[in-house]
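Scroll down for the structure; my scribbles are underneath it.
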Amino acid sequence: MYKRTPLSAHQLKPLALFFAALTVSGSALAWQPERPVEFVVTSGAGGGTDTFARTVQSIIGKHKLMDESIIVSNKGGGSGAEGYVYSASSKDDPYKLTFGTNNEYLLPEVGEMPYAAEDLQPVAAMAMDEFLIWVNGDADYASAKDFIDAAKQNPGKMQFAGSQSKDTDQTLVSMIEEATGADFRYVPFNGGSQALVQLAGGHVDANVNNPNENLGQWQAGMVKPLCVFSPEQLPKGEPVYEDKGWGDIPTCISQGIDISEYRMPRTVWLPADAPQEAVTYYQELLRKVSETPEWKDYTTRTVQTSQFLTGDELEQYIDDNAETVRKVFEQEGWNAS
Amino acid sequence: MNNLSLLMDGFATILTWNHLLIMVIGVMLGMLVGVLPGLGAPNGVSLLLPLTFTMDPVSAIILLSCMYWGALFGGSTTSILFNIPGEPSSVATTFDGYPMARNGEATRALTLAFMSAGLGALAGVVMITLLASSVAQFGLRFSSPEYFAVYFLAFCSFIGMSSSAPSKTLVSMMLGLAFATVGMDSVSGGLRLTFGIPDLVKGISFLVAVMGLFGIAELMVTTEEGLSFNGIKSRIRVRDILRTMAELPRYWASLIRSILIGIWMGITPAGPTAASFMSHGIAKRFSRHPERFGKGEPNGIVSPEAADHSAGTSALLPMLALGVPGSATAAVMMGGLMIWGLTPGPMLFITRPDFVWGLVASMYLGNVVAVILVLSTVPLYASILRVPFAIIGPVIVAVIFTGVYQVANSTFDFWLLLFFALLGYLFKKLDYPVAPLVLTMVLGHRAEEAFRQSMVMSDGSLTVFWSNSLVTTIMGLGVLMLVWPLFSRMLGLRGWRRRLHRQQPQASKPATPDSRP
Amino acid sequence: MTHNGISRYSMEIATALLTGGIGLAICYGAWQVGTGWTPSGPDSGYFPFWIGVLIVAGSVVNLLRTIVGHRHKDEIFLDAARLKSLARFVLPILGFAVVSLLLGLYVGTTLYVLFAMRLQGHYAWWRSLASGVAISVCFYLLFELVFQVPLLKGPLEHAFGIY
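Protein chains in written order, with our numbering: chain A, 1 to 337; chain B, 338 to 854; chain C, 855 to 1017.
As structure tokens, this is what we get:
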């Protein structure tokens, strides 16, 4: 039942080399993986990044986009630092494709990390995950405006649950405070699913989970979204709960919270000194993945925006994103140095 | 009972030869994964995920859940035979399982473990069938203070009177807490106690510690004794298995108590590891012969095993009913659901009843299949002990090293393993108890996290730990557990007599692991 | 070491010093990240610091109990014969760790099983070697092919094109 047949791959190799020698063309010189590629996942099994990496793996397998096999290894220790340290320490190894989010460049900002953001080079960003304000399904707030007003009445009393400390969630909560003048209390739980349970159980007042993290519970009416941090409303789709769907959620900026966009990129990295040809190879591979119907299905189902960025565009995006977040870090005094 | 008719539909869905074959394969792969110390259930299940991408969701979940059952059973096997817990949750099984196997009753120990585990799992599934939604709602009432209270209770029921010097127990307990705090501190978002070593960022793996403290250290003591497992020359007969099964009803009190503990800890979700420790501790505390624990007491095997499996099964309930993972393995399965195109959550019962009830039905069948399969392997495993030590010893060491490497692909862990082996060896020879170290290492970090989250939520006020009836009750139970030995001693002289017995010829068997807390 | 082995007295002292040293290291590490009690609960190093303090305190008590109480003075921790059989077991393990770091786990396993069987069981060379190779091959089939988890590999496997 195991499909991997390394023997036949080895038997084919001399043959392939022979043909390569016959046709000394440009494409034969291009970089190709010659042994199994390791997908380093910077979250535990079952996390958002894990689903991202495994979806890519399943698409590559299904469409046979790569000849070599893929080994997925979860290294989610230290909020993902474990995975980044692991690939950063393998200086030029093009066989360690690392899957993460913007925490690659945010983690070294807030804590002394045994790796620097520059130790890895970005290969591609494949999707943008949205953020929303969620409250308990039974809460009285009809809109985000109500919620913020209520928070202003009780400064420092309303609690936001989030995944970790000084992460994307807490950054966003600080930005909301800055934009509205309200004062919240942020409680770091371990991961988005914990933050969800605490909200569904009514132990906290709100969270800023990604759509996919709360979808199942919204369907059941246990939690409800108030607004989404994107410049325009999400695409219309099937109704999720009581004839309301993703497309019906107002943007936060229309509710008087002056944050037009806050998203988390789903990113792929290689060690900084990996050869440029390998980077190009993986960019092509991931581009092909992002063009399959299965990828579209994944982004629709998880309510992410499919957005394929590479090269200068990606560098620019990372610079801007890091700049925005850095400002919040400085304001809150979270910087490591 | 609407649920029952739905369950019958579930059985109708899964009762095909194809699905039964998948069950057998899943259980067997799971047993293999459970026996190999580094892999473990969550890893094993995620390794199988790619295979399920092309399957239909019902077959896929049957494969994964059956692998989970298999892994839970496999983990107990190595605990009993070699004192190497294949899974964190089977650590407590080593306390009495390994001594019993060393006394020449490996078959009995394995059979007891498998049967009580199977019963525990079945009880968990019955609970899921009958009470799914109401019990899941109860789980929602737990927030950080309640979690802390549950961990506190688990501590208190396990830590108690010990034959070791109190200062040695203290050092052991605190070392466990200290090792657990290394790495990322999720409440402040910073690293601590890493001393600039990159390999410590991920923390000190519990599995690495246990493999050193129990596995290698045990082998070192055995080597000293003269290169053999004592008293393993017993014959293996099928009759022994049947006789042990007939013996099982005698432990009904332990079984029921452990199943209740397991179900409760699985839902809340403090998890199977805490459940098995707690169950072993309570069994000892309320036993008429606590001095027999740690030397091969049958109740000391039945209790942790039944609790471990009922908790492991119940941990799937939050996943089904609420869409939140109750354990690491459940988290992997939920990831699988998303890849297969399902949305985990309460609505799954309504949108895909065939899937949910197929899964529940497969839990019944899968566990029965698993018990039959593991029981049939008992003679095989027990015969491993007859292989000369000079062969089996090195093989165990090699398996441990590969296991340690698989935990995080880190060679630094080899040195950690050797450090823990040295520590375990010294502790064993110098009468330091090892169990408190292991317990605090599992629960300490989570207890600290829950405590500090509670502090953030309450503005630093300790009153949060008796702020509502639920948390007050659990904390009260914990305190009760803590003072119980004192209490029972005041009530009568029974405790004194017991202690006198304990002073008697204890040194007759120096190689017996001192696993009493 | 006395003429008939290591005394338990000295091992008790050594272990107390070891655990005390770990305790001190933990206090120091905790002190680096802050050990206070902030308005929103304990600091990152608060618990580790006091845990470290308790370890040191417990170790000091253990040390004093041994020295002042003259405990275990005449007990033998390890006599010469046992030390020898222990060394036969532990030294190959150390070698295993070092060789695995340099040459990978497969070569390490083969050599380790070979020497361990030779030293402990006095098996014939060929039998020991055959067992070592067999176990490595089993590991390869099981881990690399069945479960697809890579083990540490060294220059030898790379020369054969196995990564």
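For every residue, glycine included, the Cβ atom is placed at its ideal position computed from N, Cα and C.
This structure is a prediction, so every number in the text was calculated from the model and none was measured.
Close Cβ partners of residue i (< 7 Å) along its chain, the five nearest in sequence each way excluded
i, result
"C:Phe903", "Cys881, Ala884, Trp885, Thr889"
"B:Leu807", "Arg478, Glu483"
"B:Tyr588", "Pro635, Asn636, Val639"
"C:Ile1016", "Lys1007"
Three-state class that DSSP yields for residue i in the structure shown
i, result
"A:Trp134", "strand"
"C:Thr889", "coil"
"A:Cys252", "coil"
"B:Leu597", "helix"
"A:Lys224", "strand"
"A:Ile71", "strand"
"A:Asp129", "strand"
"A:Lys96", "strand"
"A:Gly202", "coil"
"C:Ser861", "strand"
"B:Met464", "helix"
"A:Thr305", "strand"
"B:Val558", "helix"
"B:Met511", "helix"
"A:Lys62", "helix"
"A:Ala336", "coil"
Interface flag, residue i vs chain A, CB-CB below 9 Å
i, result
"B:Ala745", "yes"
"B:Leu799", "no"
"C:Gln974", "no"
"C:Tyr1017", "yes"
"B:Ile465", "no"
"B:Val808", "no"
"C:Pro1009", "no"
"C:Pro896", "no"
"B:Glu786", "yes"
Cβ of residue i within 9 Å of any chain C Cβ
i, result
"B:Leu588", "Going by the sequence as given, residue 588 of chain B is Tyr instead of Leu. Judged by the 9 Å Cβ criterion, B:Tyr588 is not in contact with chain C."
"B:Met700", "no"
"A:Ser306", "no"
"A:Ile60", "no"
"B:Asp536", "no"
Length of the line joining the Cα atoms of residue i and residue j
i, j, result
"B:Tyr435", "C:Gly859", "29 Å"
"B:Met557", "B:Tyr769", "16 Å"
"A:Gly311", "A:Pro271", "15 Å"
"B:Met360", "B:Ser396", "9 Å"
"B:Leu674", "A:Gln170", "28 Å"
"B:Tyr369", "A:Gly78", "What sits at residue 369 of chain B in the sequence shown is Leu, not Tyr. Cα to Cα, the separation comes out at about 29 Å."
"B:Met812", "B:Val487", "8 Å"
"C:Ala941", "C:Lys927", "24 Å"
"B:Pro394", "B:Leu685", "13 Å"
"B:Gly663", "B:Leu763", "37 Å"
"B:Thr622", "B:Gly633", "Before going on, a small fix: residue 622 of chain B reads as Arg here, not Thr. Using only the alpha carbons, I get a separation of about 16 Å."
"C:Phe993", "C:Leu948", "20 Å"
Sequence-distant residues of its chain with Cβ nearer than 8 Å to residue i (five each side left out)
i, result
"A:Ser254", "Cys227"
"B:Gly730", "Leu556, Thr559, Thr560, Leu564"
Any chain B beta carbon closer than 9 Å to residue i
i, result
"A:Met222", "yes"
"C:Trp979", "no"
"A:Asp129", "no"
"C:Ile989", "yes"
"C:Val961", "no"
Residues of its chain near residue i, where Cβ-Cβ distance is below 6 Å and the 5 sequence neighbours each way are ignored
i, result
"C:Ser982", "Leu968, Met971, Arg972"
"A:Pro239", "Gly245"
"B:Ile398", "Leu696"
Which residues, in chain order, does the region 104-124 of chain A contribute to contact with chain B at a C-beta distance below 7 Å?
-> Hits within the stretch, in order: Val110, Gly111, Glu112, Pro114.
What residues in the region 29-55 of chain A bring their beta carbon closer than 9 Å to a beta carbon of chain C?
-> Answer set for the region 29-55 of chain A: Glu34, Arg35, Pro36, Glu38.
Output, in sequence order along the chain, the residues in the region 932-954 of chain C whose CB is closer than 7 Å to any CB in chain A.
-> Going along the region 932-954 of chain C in chain order, one finds no residue with a Cβ nearer than 7 Å to chain A.
Which residues, in chain order, does the region 72-89 of chain A contribute to contact with chain B at a C-beta distance below 8 Å?
-> Listed in sequence order: Val72, Ser73, Asn74, Lys75, Gly77, Gly78, Ser79, Ala81, Glu82, Val85, Tyr86, Ser89.
With 8 Å as the limit, tell me which residues of the region 718-750 of chain B have their beta carbon closer than that to any beta carbon of chain C; keep them in chain order.
-> Answer in chain order: Pro725, Phe726, Ala727, Ile728, Gly730, Pro731, Val732, Val734, Ala735, Phe738, Thr739, Tyr742, Gln743, Asn746, Thr748.
Contacting positions in the region 912-925 of chain C - beta carbon closer than 8 Å to chain B | Residues of the region 912-925 of chain C with a C-beta atom less than 8 Å from some C-beta of chain B are Gly912, Ser913, Val915, Asn916, Arg919, listed in chain order.
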